[in-house]
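To start, the structure itself, in structure tokens.
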Amino acid sequence: MSENRKYNRTASLQRCAVVSPSLDTPCPARIINQSPDGLLLEMDCSLPVDDVPVNIYLADELRGTVDYESSTFLTGFIRWCKKEEGGWSGFFQAGVQLVTTAPRKDWR
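When we follow the working numbering, the leftmost residue of the sequence shown carries the number 8, and every step to the right adds one.
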């Protein structure tokens, strides 16, 4: 059965953390696969599906740490989240639709 996807997905096991207004603390996660406009995340917390953006900070793979003060992060919307049995490391999977965060050309 063929999937009608705009972009191909690339496998990844990049560690990251999700910062959401619905969470008291950042939620450690792992990117399972990625495309130019989306991510599949696996994590230990459930996130609500809504139109409130979340920020995804990538971990430094050598140090294993996440710099929450960094200005480099991904922004997106949680489009679905479900409990996943037998996952790689987490209990939930979530689909994130990424948004462009490029600065406007008229900013000085």
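We treat Cβ as the ideally placed atom computed from N, Cα and C, and that holds for glycine.
Beta-carbon to beta-carbon, P35 and A18 are separated by about 19 Å, too far to satisfy the 8 Å threshold.
By the criterion of a C-beta distance shorter than 8 Å, D74 is surrounded in its chain by Y64, D67, once the five residues flanking it on both sides are discounted. For a cut-off of 8 Å, the C-beta gap from R16 to S42 is around 5 Å, short enough to register as a contact.
Taking a C-beta distance under 9 Å as the contact criterion, Q100 and I39 qualify as a contact pair.
In the three-state reduction of the DSSP assignment, T79 falls in the coil class. Counting along the chain, P60 sits inside no beta strand (DSSP E), nor does DSSP assign it H or E at all.
According to the DSSP assignment, A66 belongs to no beta strand (DSSP E), since it is labelled neither H nor E. In the DSSP annotation of this structure, the continuous segment of the beta strand (DSSP E) that includes S42 starts and ends at 34-42. For E91, the closest C-alpha among the options R12, T82, G102 is that of G102.
V106 is classed as exposed because its beta carbon has fewer than 16 other beta carbons within 10 Å across all chains shown.
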